[in-house]
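Protein chains: 2
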Amino acid sequence: MKIKHWAEVEEQQAEGLEGVTVRWVINDGDGAPHFAMRVFDVQPGRSTPYHNHWWEHEVYVLKGEGMVVQESGETSISSGSVILVEGDEMHQFRNTGDQVFRFICLIPFQWLEGLAQAHA
Amino acid sequence: MKIKHWAEVEEQQAEGLEGVTVRWVINDGDGAPHFAMRVFDVQPGRSTPYHNHWWEHEVYVLKGEGMVVQESGETSISSGSVILVEGDEMHQFRNTGDQVFRFICLIPFQWLEGLAQAHA
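Residue numbers (my numbering), protein chains in the order written: chain W, 1 to 120; chain H, 121 to 240.
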C-alpha cells in the first residue's frame, strides 16, 4: 500500500505548457499495474493543449472554474465535475476563473494500447 | 465525451454495508475501456469491509476524516490523501469523523485480471 498526500508529490512543469503543472500521485513506480493518477494545476488564463491520443482520460475536478473543449463545443466545469474523454477524442481543459483550476486525470499505461479493442 | 457532476449519478447502497453508498460516476456503459471511477460516501461510525481481491484501488479522499487499515496497521487519511491499495492486499476504509467521509476509488475492469502480471 502507498499512502501520501497529493501536495507532497513533486510538482513538475507540464512540457511546453506555461502555467500548467502536473503531479504523478500514483504511477507504476508505486506499484500501480494498469493506470496512473495525476493532479493538474492550471493557472488563470492558461490551458492544456487542444489535442488527441489513443488513451482515454478519466477526470474529476477538484477546484476552480474551467471549460472542457471538444469538437462539438465547450462545456463549463467546476468542483465535482466528472469527465470521460474517450480515446482519440479531441479535447482541451481551460481555466476560465481567477484562481487555480485543479483536476485529477487518470490514464492507462502504454502496454494497454489496443487491448481493449481486441477484448471487446 | 461524457460530462456530468458526481452528485447527479444514482447513489446505490453498497451491498451488505450499512451507511456506505457508491456512485459509479464513470463505467463501461459510458465508454470507459479500462477502468471505472466510483465515489463512495461512508457515514460516521461506518466502514468498508476488511477484505482483499485481485484488483487494485486508486483512491483520492475528497472530504471528511478517516482511516485506512492494512495488515501492518492503521493510517489517518483526510481530504487530499492518495492511496494505492495493491492487488491482493487486505484493506479497509473507516470513517473516524463526525461528517461524511467521501473518496474517489478507481478499479480496473475484470477482463484485465492477470494481464499485468503476464505483461511484466
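Virtual Cβ for every residue (Gly too), placed ideally from N, Cα, C. Keep in mind it's a predicted model, so treat the numbers as computed, not measured.
Continuous alpha helix (DSSP H) stretch holding residue i: start and end
{"i": "residue 92 of chain W", "result": "Element bounds for residue 92 of chain W: not the alpha helix (DSSP H) but the beta strand (DSSP E), 92–95."}
{"i": "residue 237 of chain H", "result": "235–239"}
Exposed unless 16 or more other CB atoms sit within 10 angstroms - verdict on residue i
{"i": "residue 208 of chain H", "result": "exposed"}
{"i": "residue 7 of chain W", "result": "exposed"}
{"i": "residue 218 of chain H", "result": "exposed"}
{"i": "residue 49 of chain W", "result": "exposed"}
{"i": "residue 116 of chain W", "result": "buried"}
{"i": "residue 152 of chain H", "result": "buried"}
{"i": "residue 90 of chain W", "result": "exposed"}
{"i": "residue 81 of chain W", "result": "buried"}
Those residues which DSSP pairs with residue i across a bridge
{"i": "residue 142 of chain H", "result": "H:132, H:160"}
{"i": "residue 119 of chain H", "result": "Chain H is shown from 121 up to 240; residue 119 of chain H falls before or after that span and cannot be answered."}
{"i": "residue 56 of chain W", "result": "In DSSP, residue 56 of chain W forms no bridge with anything."}
Coil, strand or helix - residue i by DSSP
{"i": "residue 84 of chain W", "result": "strand"}
{"i": "residue 232 of chain H", "result": "helix"}
{"i": "residue 149 of chain H", "result": "helix"}
{"i": "residue 17 of chain W", "result": "coil"}
Where the beta strand (DSSP E) through residue i begins and ends
{"i": "residue 222 of chain H", "result": "221–228"}
{"i": "residue 75 of chain W", "result": "73–78"}
{"i": "residue 51 of chain W", "result": "Careful: residue 51 of chain W lies outside any beta strand (DSSP E) and carries neither H nor E."}
{"i": "residue 125 of chain H", "result": "122–125"}
beta-carbon residue i near the ligand ADP non-hydrogen atom, thresh 7 Å
{"i": "residue 41 of chain W", "result": "This structure lacks the ligand ADP, and indeed carries no ligand of any kind."}
Proximal residues, the segment 75–88 of chain W versus chain H, C-beta separation under 8 Å
Residues 75, 77, 80, 81, 82, 83, 84, 85, 86, 87.
Please list the residues of the segment 138–161 of chain H that have a C-beta atom closer than 8 Å to any C-beta atom in chain W, keeping them in chain order.
Of all residues in the segment 138–161 of chain H, 145, 146, 150, 151, 152, 153, 154, 155, 157 have a Cβ within less than 8 Å of some Cβ in chain W.
Which of the residues in the segment 183–194 of chain H, read from start to end, lie with their CB under 7 Å from any CB of chain W?
Answer in chain order: 188, 190.
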